[in-house]
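From first to last, the protein sequence lines are chains A and B.
Residues 4 to 114 in this note's numbering are what the first sequence lists, from first letter to last.
Residues 377 to 492 in this note's numbering are what the second sequence lists, from first letter to last.
The beta carbon of each residue, even a glycine, is placed where N, CA and C say it ideally should be.
Accompanying notes for the structure given below.
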Amino acid sequence: LAKTTQPISMDSYEGQEVNITCSHNNIATNDYITWYQQFPSQGPRFIIQGYKTKVTNEVASLFIPADRKSSTLSLPRVSLSDTAVYYCLVGEGNQGGKLIFGQGTELSVKP
Amino acid sequence: DTAVSQTPKYLVTQMGNDKSIKCEQNLGHDTMYWYKQDSKKFLKIMFSYNNKELIINETVPNRFSPKSPDKAHLNLHINSLELGDSAVYFCASSHRDRGRPGYGYTFGSGTRLTVV
């Protein structure tokens, strides 16, 4: 299983763009890259998933370089409510569907 | 509301007791999971059921026993509770065979178990 490494914590200010990079050097050909967000006292919430290049939805963008050994979650113009822990996950279907969570990045957005 | 709901939200109990946590999803998903989040925020999978069939059973003490009466429900029963069982337990659900693992899993809000 591919292991992921991401910064333990990040600080930002309201209105800034935040980029969280995840390293996954051992990613396999069939692996997808998925990001989840967890607010205090809540369960994780799916944000975005990608396989290669760039994916964008109403919440975030996900940039994946050609070698797929890393990925960057981009949150545009963060607000205080984006303060949360962000998890990068890498996995493929024959794991039986289980998600392997790493330590996550604790993002703190300040006014 | 469509969601994954688990009860109770908080559970405080003494060592040695037996307790259960219930989970229900109305999303029409075919797979349900139990995850444990310890004090260091690490989330680890414990069990997974697909259409009432156990498909993932991680290295978990056999004091923990999941039960899935139907694909919308997955309960967790814990016997002889120990101090180390204190954690937040999350139930989740998904469509297993969408070919995109990790896509769109929905988690409940968690059950904070405290063993004293």
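For the beta strand (DSSP E) that residue i lies in, which residues bound it at each end?
i        : result
Phe423/B : 419 to 426
Ile431/B : 429 to 433
Pro61/A  : Sequence inspection shows Glu at residue 61/A; the Pro mentioned does not correspond to that position. Neither: Glu61/A is in no beta strand (DSSP E) and is coded neither H nor E.
Met408/B : 407 to 413
Gln401/B : 395 to 401
Asp446/B : 440 to 446
Ala87/A  : 87 to 94
Met13/A  : 12 to 16
Gln390/B : From DSSP, Gln390/B is part of no beta strand (DSSP E); its letter is neither H nor E.
His27/A  : Unbroken run through His27/A: none, as it is neither H nor E.
Val491/B : 487 to 491
Roughly how many angstroms lie between the CA atoms of residue i and residue j, to the nearest whole one?
i        : j        : result
Gly53/A  : Leu457/B : 40 Å
Ser111/A : Ala87/A  : 7 Å
Ser77/A  : Ser64/A  : 5 Å
Asn97/A  : Pro114/A : Reliability of the predicted coordinates at Asn97/A is poor, the pLDDT of 47 falling under 50, and the value obtained from them is presented with this limitation in mind. Asn97/A and Pro114/A: Cα-Cα distance of roughly 44 Å.
Asp14/A  : Pro43/A  : 17 Å
Gln3/A   : Val491/B : Nothing about residue 3/A can be read from this structure; chain A reaches only from 4 to 114.
Ile432/B : Met422/B : 7 Å
Asn393/B : Ser424/B : 24 Å
Ile23/A  : Cys91/A  : 9 Å
Phe418/B : Leu489/B : 15 Å
Tyr386/B : Val436/B : 22 Å
Leu450/B : Asn426/B : 10 Å
Can you tell me which of the options puts its alpha carbon nearest to the alpha carbon of residue i?
i        : options                                : result
Phe104/A : Leu83/A, Ile51/A, Gln45/A, Trp38/A     : Trp38/A
Thr8/A   : Lys113/A, Gly107/A, Pro114/A           : Gly107/A
Ser441/B : Trp410/B, Asn427/B, Gly460/B, Lys417/B : Trp410/B
Glu429/B : Ser470/B, Asp446/B, Lys416/B, Val436/B : Asp446/B
Glu20/A  : Thr56/A, Leu92/A, Ser82/A              : Ser82/A
His471/B : Ser415/B, Met408/B, Asn393/B           : Met408/B
Ser74/A  : Ile11/A, Thr56/A, Ser84/A, Val62/A     : Thr56/A
Asp461/B : His449/B, Met391/B, Asn402/B           : Met391/B
Gln413/B : Ala468/B, Asn426/B, Arg476/B           : Ala468/B
Arg80/A  : Gln40/A, Ile50/A, Tyr16/A, Glu109/A    : Tyr16/A
Val93/A  : Gly18/A, Ile36/A, Ser26/A              : Ile36/A
Lys443/B : Tyr481/B, Cys399/B, Val380/B, Ser381/B : Cys399/B
Ala448/B : Ile397/B, Thr383/B, Asp406/B           : Asp406/B
List, in order along the chain, the chain B residues whose C-beta lies closer than 9 Å to that of residue i?
i       : result
Thr37/A : Arg476, Pro477, Gly478, Tyr479, Tyr481
Phe66/A : Within chain B, no residue comes near Phe66/A; the closest Cβ sits about 18 Å away, beyond 9 Å.
Asn88/A : One point to set straight first is that residue 88/A is Val, not Asn, in the sequence displayed. By Cβ distance, chain B contributes Lys417.
Residues of chain A with CB under 7 Å from residue i, in chain order?
i        : result
Lys412/B : Those do not exist, as Lys412/B stays about 11 Å from chain A at its closest Cβ, beyond 7 Å.
Counting only Cβ pairs nearer than 9 Å, list the residues of chain A close to residue i.
i        : result
Ser485/B : Ser44, Gln45, Gly46
Ala468/B : Gly46, Pro47, Leu102
Can you pull the chain B neighbours of residue i, defined as C-beta to C-beta under 7 Å?
i        : result
Gln52/A  : Arg476, Gly478, Tyr479
Leu92/A  : Gly478
Gly107/A : Lys417
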